[in-house]
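From first to last, the protein sequence lines are chains A and B. Take the first sequence: its letters are residues 1 to 375, numbered as in my numbering. Take the second sequence: its letters are residues 1 to 294, numbered as in my numbering. Even for Gly, the Cβ is constructed at its ideal location relative to N, Cα and C. Here the structure comes first, spelled out in structure tokens, and everything after it is commentary.
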Amino acid sequence: MPQTKFAPWDDPNQKPLIRFENVTKRFGDFTAIEALTLDIYEREFFALLGPSGCGKTTMMRMLAGFEAPTSGRIELQGQDIASVPPNKRAVNMMFQSYALFPHLTIWDNIAFGLRRDRMPKHDLADRVEEMLKLVRLEQFARRKPHQISGGQRQRVALARSLAKAPKLLLLDEPLGALDKKLRQDTQFELMDIQEKTGTTFVIVTHDQEEAMTVASRVAVMDQGALMQVDTPEQIYEAPNSVYVADFIGDVNIIAGTAQPDADGVVMLNRAEGATPLRTRSEIAFAPGQPCHLAIRPEKIAISAERPEAADNMLQGKVMDIAYIGNLFTYHVELPDGSVIKAQTANTKRLASRSFTWEEPVWIAWTDSAGVLLDR
Amino acid sequence: MKDFRRTLLILVPYLWLLALFLVPFLIVVKISLSDIALARPPYLPQFSWADGIWSFLSQLDLENFAFLASDDLYWKAYLSSLRIALVSTLLTLLIGYPIAYGMARAPEEWRATLMMLVILPFWTSFLIRVYAWMGILSQEGFLNQFLLWTGLISTPLTILNTNTAVYIGIVYTYLPFMILPIYAALDRLDGSLIEAAEDLGCSRLSAFWLVTIPLSRNGIIAGSFLVFIPALGEFVIPSLLGGSGTLMIGKVLWEEFFSNRDWPVASAVAVVLLLILIVPIVLFQRNQQKQGDP
Ligand SMILES: Nc1ncnc2c1ncn2[C@@H]1O[C@H](COP(=O)(O)OP(=O)(O)OP(=O)(O)O)[C@@H](O)[C@H]1O
Ligand SMILES: [Mg+2]
Numbered sequence: 001m002p003q004t005k006f007a008p009w010d011d012p013n014q015k016p017l018i019r020f021e022n023v024t025k026r027f028g029d030f031t032a033i034e035a036l037t038l039d040i041y042e043r044e045f046f047a048l049l050g051p052s053g054c055g056k057t058t059m060m061r062m063l064a065g066f067e068a069p070t071s072g073r074i075e076l077q078g079q080d081i082a083s084v085p086p087n088k089r090a091v092n093m094m095f096q097s098y099a100l101f102p103h104l105t106i107w108d109n110i111a112f113g114l115r116r117d118r119m120p121k122h123d124l125a126d127r128v129e130e131m132l133k134l135v136r137l138e139q140f141a142r143r144k145p146h147q148i149s150g151g152q153r154q155r156v157a158l159a160r161s162l163a164k165a166p167k168l169l170l171l172d173e174p175l176g177a178l179d180k181k182l183r184q185d186t187q188f189e190l191m192d193i194q195e196k197t198g199t200t201f202v203i204v205t206h207d208q209e210e211a212m213t214v215a216s217r218v219a220v221m222d223q224g225a226l227m228q229v230d231t232p233e234q235i236y237e238a239p240n241s242v243y244v245a246d247f248i249g250d251v252n253i254i255a256g257t258a259q260p261d262a263d264g265v266v267m268l269n270r271a272e273g274a275t276p277l278r279t280r281s282e283i284a285f286a287p288g289q290p291c292h293l294a295i296r297p298e299k300i301a302i303s304a305e306r307p308e309a310a311d312n313m314l315q316g317k318v319m320d321i322a323y324i325g326n327l328f329t330y331h332v333e334l335p336d337g338s339v340i341k342a343q344t345a346n347t348k349r350l351a352s353r354s355f356t357w358e359e360p361v362w363i364a365w366t367d368s369a370g371v372l373l374d375r
Numbered sequence: 001m002k003d004f005r006r007t008l009l010i011l012v013p014y015l016w017l018l019a020l021f022l023v024p025f026l027i028v029v030k031i032s033l034s035d036i037a038l039a040r041p042p043y044l045p046q047f048s049w050a051d052g053i054w055s056f057l058s059q060l061d062l063e064n065f066a067f068l069a070s071d072d073l074y075w076k077a078y079l080s081s082l083r084i085a086l087v088s089t090l091l092t093l094l095i096g097y098p099i100a101y102g103m104a105r106a107p108e109e110w111r112a113t114l115m116m117l118v119i120l121p122f123w124t125s126f127l128i129r130v131y132a133w134m135g136i137l138s139q140e141g142f143l144n145q146f147l148l149w150t151g152l153i154s155t156p157l158t159i160l161n162t163n164t165a166v167y168i169g170i171v172y173t174y175l176p177f178m179i180l181p182i183y184a185a186l187d188r189l190d191g192s193l194i195e196a197a198e199d200l201g202c203s204r205l206s207a208f209w210l211v212t213i214p215l216s217r218n219g220i221i222a223g224s225f226l227v228f229i230p231a232l233g234e235f236v237i238p239s240l241l242g243g244s245g246t247l248m249i250g251k252v253l254w255e256e257f258f259s260n261r262d263w264p265v266a267s268a269v270a271v272v273l274l275l276i277l278i279v280p281i282v283l284f285q286r287n288q289q290k291q292g293d294p
């Protein structure tokens, strides 16, 4: 069977599971969400990414039914859900604060939602055991929430929201309190569950790596607005703004003015006398238009000798070296005082580091390595 | 030296208890074991150094307790007190819970004011407030005048000097003791728990039953004991608002002391009352201790 790429957002015939239509949410005179329009499709693993206070939880709460939009419309399967109370929505939410019932054991917390559905006793016990196993809390079933650790509590909250196998699952920072290993395991577990059950996930996270790993699409938010909604690759490789480029991963931002050339090539003029930088751009620029070049450190090659031929090359000297795991990041200072980060994989042993401090080096990159941004 | 200071520190509350509770209690127990006499104070034996402690102790007996058991007035009074205390605790809970709930749900800036309103009555004398209820509940009282004026009734209701008036008085007096602990419990309750319950399929009402009520349990228990314990021995309210038919042990006790001047029997009544009260007091203490670990 040929593997078709999962991309319902590109298919105009697909009906979204969730549709935000020009949704605004105000608390008093504070606007938490501003005129937001967004479609989320069935079976998506949709990640909301953004700084603290940008309105991620507020969006979740509107989906779960705890807040009503001040204006605009939220649809679930084509139905306006404004009048549907939280307990009648096929949506479960994992709360950022966990909201575990302190008077109930872990077991009863997980069984809580199933009991409301009057699930037969036997099936219920099986389901709870399954969930406990999934989050590896079998031994803690009889404890109360205050008798387990923070990370364990987070897993109980996750298990409780998964138990009912809802159509739409909202996870508000589900893995923040877990250590790296457990977090990765749980991430794969979540993707697995999603694969098996076809549940649609909306997940809030502060961890961009997590968003990149699990998500089918990522929405980057800022102050109640969506900056970009795209696949993780696109967000990383083709950010649409300096904000998004800067928010996701490490990036060099070089400011200047555009000077369009033939064949979609744009030259970026920096300060007087500095070499213009050559870039291919999908978007058109007017001559003299202010713009920014965003280029990832790993796209920049670093060498001691002047490269033979390169679209862009600059000379500088090594100012700082950071060694993270298997990567070297060199901070290269240019003659004008600006600093460019270049990254190389650590193929040799630590002892034979290629460059040292204050060493003059060349950095180079191709004209398609970076993106030119107009905002 | 340090140990000595610590012992002293621990000793202080015990000395306090000894002086203010245990010694008076032992005196009452002693009187309850004595016989009535026309003397000052009106009972015998009196302890004197000349006769020695053994001759004094040998004159004490359990006669008064036997008398309490034989005269069904006392049984009935205890039972009736228990019933009145139980019913009024229940009524207080039924009225107090919604008030506490409303307070906890009120906007932040209103809560201090509402709290003030609940404790405001404590600023006037308890006795005056009970007298005020006499003015309200009597035949020509405000309540009857009002009901007659609205045309709801054509002849005045007899409320004062009945058990109804006693219930009204007790519920009114002890309502704050019910409201405050329940309010404290509800105020601590994390609102997201209710949301989580609704998210998992509870209606508003079932979320209330399954989450709000269990999590305010300690407040309910504390409030109920705080009402039940004093209501059981209550004497002012039944004697001012109750009638000849109102039988409460506090009233009996008062009459034994001051009308009959039978101190020994009155003391026996008091000792039995205390023994009855020990059960709920111990239960209450255990509940308070359990609150430490939720
Ligand atoms: N009930 C409320 N009343 C007033 N302001 C609110 C309320 N709830 C949220 N806000 C405000 O709305 C904004 C968005 O809040 P929200 O909780 O959605 O942020 P967030 O993106 O989830 O942040 P974090 O990553 O820190 O959880 C914040 O500035 C917050 O102060
Ligand atoms: Mg949040």
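query, result
"When B:Ile136, B:Pro176, B:Leu193, B:Leu175 are compared against B:Leu157, the one with the closest alpha-carbon", "B:Ile136"
"Sub-8 Å separation of A:Asn92 and A:Val156 beta-carbons", "no"
"Segment contact flag, the segment 58-78 of chain B with the segment 144-164 of chain B, C-beta cutoff 8 Å, min 3 pairs", "no"
"Assigned secondary structure, A:Gln259 (DSSP; H/G/I helix, E/B strand, else coil)", "strand"
"Contact set between the segment 77-89 of chain A and chain B, restricted to residues whose Cβ is under 9 Å from the partner", "Pro85, Pro86, Asn87, Lys88, Arg89"
"Chain B contacts from the segment 49-69 of chain A (Cβ-Cβ distance under 7 Å)", "Ala64, Phe66"
"C-beta atoms of A:Lys25 and A:Pro69 nearer than 8 Å", "yes"
"Neighbour flag for B:Leu240 against chain A, beta carbons, 8 Å", "no"
"Contact the segment 185-192 of chain A vs the segment 14-22 of chain A: 3+ CB pairs below 8 Å", "no"
"CB contact check: A:Ala351 to chain B, cutoff 8 Å", "Here A:Ala351 scores only 45 on pLDDT, less than 50, and its place in the model should not be relied on; the value that follows carries that caveat. Closer than 8 Å: no."
"Delimiting residues of the alpha helix (DSSP H) encompassing B:Asn218", "217-232"
"A:Met313 in three-state terms, based on DSSP", "strand"
"Segments of 4+ residues assigned as alpha helix (DSSP H) that fall wholly inside the segment 240-272 of chain B", "249-254"
"Which listed residue (B:Ile182, B:Tyr172, B:Tyr131) has its alpha carbon closest to that of B:Leu120", "B:Tyr172"
"Residue-chain proximity (A:Ile18, chain B), Cβ-Cβ < 8 Å", "no"
"Residues from the segment 115-137 of chain A in contact with chain B, defined by Cβ distance under 7 Å", "Arg116, Asp117"
"CB contact below 8 Å: A:Phe30 versus chain B", "no"
"A:Leu372 beta carbon less than 8 Å from that of A:Leu293", "yes"
"Contact check, A:Ala253 vs A:Val244, beta carbons under 8 Å", "Residue 253 of chain A is actually Ile in this sequence, not Ala. Cβ atoms of A:Ile253 and A:Val244: not closer than 8 Å."
"Own chain partners of B:Arg111 with C-beta closer than 7 Å, once the 5 adjacent residues on each side are dropped", "Met103"
"Local conformation of B:Leu17 per DSSP, three classes", "helix"
"Start and end residues, beta strand (DSSP E) containing A:Pro290", "290-295"
"Own chain residues within Cβ distance below 8 Å of B:Ser58, not counting five before or after", "none"
"Distance cut-off 7 Å: A:Val202 Cβ against heavy atoms of ligand 2", "no"
"Proximity test, B:Asp316 beta-carbon vs ligand 2 heavy atom, cut-off 7 Å", "Nothing can be reported for residue 316 of chain B, as the shown portion of chain B is limited to 1 through 294."
"Pairwise C-alpha distance: B:Leu205 and A:Asp179", "39 Å"
"Simplified DSSP assignment, three categories, for A:Ile248", "coil"
"Cβ contact (3+ pairs, closer than 8 Å) linking the segment 43-51 of chain A and the segment 195-210 of chain A", "yes"
"Beta-bridge partners of A:Pro360, as assigned by DSSP", "A:Lys317"
"Beta carbon proximity, B:Pro377 to chain A, threshold 8 Å", "For residue 377 of chain B there is no data in the structure shown, the boundaries of chain B being 1 and 294."
"Buried versus exposed, by CB contacts within 10 Å (16 or more), B:Leu250", "What sits at residue 250 of chain B in the sequence shown is Gly, not Leu. B:Gly250 is buried by the Cβ-count criterion."
"Proximal residues of chain A, C-beta to C-beta of B:Asp187 below 8 Å", "Correct list: empty, because the minimum Cβ distance to chain A is about 15 Å."
"First through last residue of the alpha helix (DSSP H) which encompasses B:Ser206", "204-207"
"8 Å Cβ cutoff met for B:Ser227 and B:Leu180", "The sequence as given places Val at residue 227 of chain B; Ser does not occur at that position. Going by C-beta atoms, B:Val227 is not nearer than 8 Å to B:Leu180."
"CA-to-CA distance, A:Gln14 to A:Met1, given in whole angstroms", "With a pLDDT of only 43 at A:Met1, under 50, the local geometry of the prediction cannot be trusted, and the value read off the model is given with reservation. Distance between the alpha carbons of A:Met1 and A:Gln14: 21 Å."
"Beta carbon proximity, A:Phe188 to chain B, threshold 8 Å", "no"
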